[in-house]
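Colleague:
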Amino acid sequence: MSILKLDKEQKKNILAISIGLIVGIAVGILLMIQTKSVHKDFAVRYQKFYSTNLDGKITYLNASGGRYYFKLNEGKEFFISPHNISDDQKSFYLFVDQGDYFIKPAFSDTVTIISNGQQNRYTFRDYSIY
33 MSILKLDKEQ KKNILAISIG LIVGIAVGIL LMIQTKSVHK DFAVRYQKFY
83 STNLDGKITY LNASGGRYYF KLNEGKEFFI SPHNISDDQK SFYLFVDQGD
133 YFIKPAFSDT VTIISNGQQN RYTFRDYSIY
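Here the sequence shown stands for residues 33 to 162, numbered as in this note's numbering.
1. Taking the beta strand (DSSP E) that Val143 belongs to, which residues open and close that run?
2. Please confirm whether Phe81 and Ile90 have their CB atoms less than 8 Å apart.
3. Ala138 to Asn105, Cα distance in whole Å?
4. Flag this pair as yes or no: are the beta carbons of Asp141 and Phe156 separated by less than 8 Å?
5. Alpha carbon to alpha carbon, what distance is there between Ile54 and Ala95?
6. What's the call for Val143, buried or exposed, on a 16-neighbour Cβ count within 10 Å?
7. Please list the terminal residues of the continuous beta strand (DSSP E) segment that includes Asn94.
8. What's the call for Lys43, buried or exposed, on a 16-neighbour Cβ count within 10 Å?
9. Are Tyr154 and Ile146 touching if we call contact CB-CB under 8 Å?
10. In whole angstroms, give me the CA-to-CA distance for Glu109 and Leu63.
11. To the nearest whole angstrom, what separates the beta carbons of Leu86 and Gln130, a pair I think is in contact under 8 Å?
12. Across which residues does DSSP place Tyr133 in a beta bridge pair?
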């Protein structure tokens, strides 16, 4: 069957399906690009977190979008993803509160939280490898 021998309705259907496929493929490609961009942003932000010496009181803490955002001494905002926390540890967010003291040497994968005189340590995995 040649496309030239199809009636108008059949040609419309083929055109609609073709356009739908093109749009679907384009959306899929855009989603892949956006996902890669978001992953790259997380990797860059994790490397900034990892390479920075952090030592101060938590003045802001929020959980949103699967990440924990925090500020020390009203400074720059950082985020920690629960995916970074080593599997054998309890939830970071449950044990951290505004006013707690946060210590992380530069290029260290471990942070120390001092809360009510108790020290808790959390070890992080490199987010950029996920």
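Where a beta carbon is used, it is the ideal one built from N, C-alpha and C, also for glycine.
Modeller: In short, the structure shows the following:
1. Secondary structure note for Val143: its beta strand (DSSP E) is the uninterrupted segment Thr142 to Ser147.
2. Not a contact, by the Cβ cut-off of 8 Å.
3. Approximately 17 Å between the Cα atoms of the pair.
4. The answer is yes: Cβ separation under 8 Å.
5. Spanning the two alpha carbons is a distance of roughly 38 Å.
6. When all chains shown are included, Val143 counts as buried.
7. Segment Leu86 to Ser96, the beta strand (DSSP E) holding Asn94.
8. With fewer than 16 Cβ atoms within 10 Å of its Cβ, Lys43 is classed as exposed.
9. Judged by beta-carbon spacing, Ile146 lies beyond the 8 Å limit of Tyr154, meaning their Cβ atoms are not closer than that value.
10. Per the coordinates, the alpha-carbon of Glu109 lies some 27 Å from the alpha-carbon of Leu63.
11. About 15 Å; that fails the 8 Å criterion.
12. Looking at the DSSP assignment, Tyr133 forms a beta bridge with Lys89 and Ile146.
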